[in-house]
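Shown next, in structure tokens, is the structure this report addresses.
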Ligand SMILES: Cc1cc2nc3c(=O)[nH]c(=O)nc-3n(C[C@H](O)[C@H](O)[C@H](O)COP(=O)(O)O)c2cc1C
Ligand code: SF4
């Protein structure tokens with residue numbers, strides 16, 4: 005008989021027992037029917053990944069990786085989940101192993117996540133089929149192909165895809181890489197629940213910042229209200245972490261779900277929802293984010309390695325009031341190029357910062373370029389010269 009459909013991940017207290025005699029095909033069909041989509045950012049259907057690993061296994065070794073890395077330092081979702089529901093995460097990994105036929109799994113953590121690591125160690129006491137592995141610490145350490153390299157003692161650089169991990173992952177064997185949050189839904193979904201919530205980290209100008217579990221489809225405004233409401237006059241809501249888009253406060257009715265966020269020009273990404281007050285200049289904010297991305301890029305592909313640096317340089321020039329009108333189409337073109345030609349989700353999604361700030365906050369750009377002033381009076385000079393390394397449109 006199906007359990008309550010109002011399942012929660014945090015503090016649910018409900019960890020269904022492991023059924024080793026599970027009818028695997030029926031289980032995959034049930035997961036497909038539940039519509040469970042990846043919580044790690046891209047929203048890929050879990051059932052499709054499970055099917056792919058099973059098909060590609062052809063009777064030999066497969067692996068499961070539970071991505072609990074929390075690449076975005078301001079969005080400690082997997083850490084919170086492990087600290088509060090470690091047994092649910094472990095049960096999810098066990099079920100993924102049964103379904104894919106894997107005899108070994110990794111629970112992949114950030115080195116700074118000491119509390120989560122202790123909780124995981126207690127939940128895994130006495131077993132050696134699920135191994136705790138630590139990533140390198142940078143933002144790219146959470147990207148699925150880079151983390152496979154890390155597990156193989158290589159640098160955290162992305163791999164060319166295809167082949168996807170479900171065909172050639174850890175040690176070139178079929179590997180399921182899923183976020184710990186997605187896998188935690190497995191036991192609950194197979195017990196009759198539907199996966200209706202998402203963990204989010206609410207940060208910035210709110211009264212009660214922290215990790216919250218909200219229904220998918222909750223509006224951004226209601227999420228900020230859950231965190232005590234804005235603590236300053238709200239200018240913008242930044243959704244998805246360092247590569248996510250920044251929406252004007254007027255878009256507080258945008259829903260936190262895969263489609264609505266995409267239509268608004270952003271994505272779930274790291275699950276961070278950040279409130280920005282009217283004292284934030286969006287040109288400077290975009291430049292600050294691109295400075296972080298330029299530092300964190302794994303640098304293996306040119307569109308991202310060069311693109312993040314160029315965009316940062318141009319944005320710093322604009323915020324230093326050295327900008328020209330021609331900088332704006334140039335930024336758009338660089339963003340389009342990054343999105344089209346980058347090797348991994350990092351470079352593909354980063355331009356959403358540009359697209360959304362140019363669309364939602366044209367006055368911030370205009371004040372700097374046309375009037376030589378910062379609209380919030382907060383920008384300081386970052387560059388003495390324009391960033392020009394080649395002919396610009
Ligand atoms: C730069 C970057 C960092 C990422 N960091 C994480 C992370 O910390 N945790 C995570 O689950 N997914 C992260 N992802 C997404 C993973 O590549 C992968 O899509 C995800 O783990 C798959 O799980 P899911 O199908 O359950 O969403 C990151 C992606 C990128 C591009
Ligand atoms: S997009 Fe950036 S992070 Fe991703 S592979 Fe290319 S250089 Fe590395």
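In the numbering used here, the protein residues as written are 5 to 397.
Here a beta-carbon is modelled for each residue, glycine too, at the ideal position from N, C-alpha and C.
Predicted model only: the values in this text are computed from it and were never measured.
Answer yes if the region 236–252 comes into contact with the region 266–280, meaning at least three C-beta pairs across the two stretches below 8 Å, and no otherwise. Segments in contact, yes.
Report all residues from its chain with a CB closer than 7 Å to the CB of residue 145; omit the five preceding and five following residues, and keep chain order. Counting only Cβ-Cβ distances below 7 Å, and skipping sequence neighbours, we find 73, 75, 139, 151, 154 and 160.
At the level of alpha carbons, what is the spacing between residue 108 and residue 383? A straight line joining the alpha-carbon of residue 108 with that of residue 383 spans about 51 Å.
Tell me the rounded alpha-carbon separation between residue 66 and residue 254. Cα to Cα, residue 66 sits roughly 47 Å from residue 254.
Using a threshold of 8 Å, state whether the C-beta atoms of residue 281 and residue 212 are closer than that. No.
With three or more beta-carbon pairs closer than 8 Å as the criterion, would you say the region 209–228 touches the region 307–325? These segments do not touch.
Going by alpha carbons, who is nearest to residue 143 out of 13, 114 and 12? For residue 143, the nearest C-alpha among the options comes from 114.
Taking 6 Å as the limit, name every residue whose beta carbon sits nearer than that to some heavy atom of ligand 1, in sequence order. Going along the chain, the residues that qualify are 42, 43, 44, 45, 46, 48, 71, 73, 74, 75, 143, 144, 146, 147, 148, 181, 182, 183, 186, 348, 349 and 350.
Do residue 331 and residue 318 have their C-beta atoms closer together than 8 Å? Yes, they are a contact pair.
Any idea if residue 333 is buried or exposed, counting beta-carbon neighbours within 10 angstroms, 16 or more meaning buried? Residue 333 comes out exposed.
Report the residue from 391, 241 and 10 whose alpha carbon sits nearest the alpha carbon of residue 325. Comparing Cα-Cα distances from residue 325 to each of 391, 241 and 10, the minimum goes to 391.
Given 8 Å, three or more beta-carbon pairs between the region 121–133 and the region 81–97: Enough Cβ pairs lie closer than 8 Å, so yes.
Would you list the one or two residues that DSSP bridges to residue 249? Answer by DSSP bridge pairing, in chain order: 243.
Around the Cβ of residue 19, are there at least 16 other Cβ atoms within 10 angstroms (buried) or fewer (exposed)? That one is buried.
Sequence-distant residues of its chain with Cβ nearer than 7 Å to residue 341 (five each side left out): By the criterion of a C-beta distance shorter than 7 Å, residue 341 is surrounded in its chain by 307 and 311, once the five residues flanking it on both sides are discounted.
Please identify the residue among 321, 297 and 346 whose C-alpha is closest to the C-alpha of residue 389. Out of 321, 297 and 346, 321 has the C-alpha closest to the C-alpha of residue 389.
Between the C-alpha atoms of residue 6 and residue 196, what's the straight-line distance to the nearest angstrom? Below a pLDDT of 50, predicted positions are generally treated as unreliable, and residue 6, at 44, falls in that range; no measurement from the model is reported.
Does the region 290–309 come within contact of the region 344–351, defined as at least 3 CB pairs closer than 8 Å? By the Cβ test, the region 290–309 is in contact with the region 344–351, since at least three Cβ pairs between them sit closer than 8 Å.
Please find out if some non-hydrogen atom of ligand 2 comes closer than 7 Å to the beta-carbon of residue 301. At a cut-off of 7 Å, the beta-carbon of residue 301 counts as near ligand 2: some heavy atom of the ligand is closer than that.
Which of the three DSSP states, helix, strand or coil, is assigned to residue 412? Because the chain in this structure spans residues 5 to 397, residue 412 falls outside the shown range and cannot be described.
heavy atom of ligand 2 below 7 Å from residue 304 C-beta: Checking the Cβ of residue 304 against ligand 2 gives yes.
If residue 188 sits next to residue 47, beta carbons under 8 Å apart, how far is it from one beta carbon to the other, in whole angstroms? A Cβ-Cβ distance of about 16 Å is found for the pair residue 188 and residue 47, leaving them out of contact under the 8 Å criterion.
DSSP-derived helix/strand/coil call for residue 103: In the structure shown, residue 103 sits in a helix (DSSP, three-state: H, G or I).
Taking the C-alpha atoms as reference points, what is the distance between residue 230 and residue 64? So the two alpha carbons sit approximately 47 Å from each other.
With a cut-off of 8 Å on the beta carbons, I'd call residue 183 and residue 43 a contact; round off their distance for me. Sure, about 5 Å apart at Cβ, within 8 Å.
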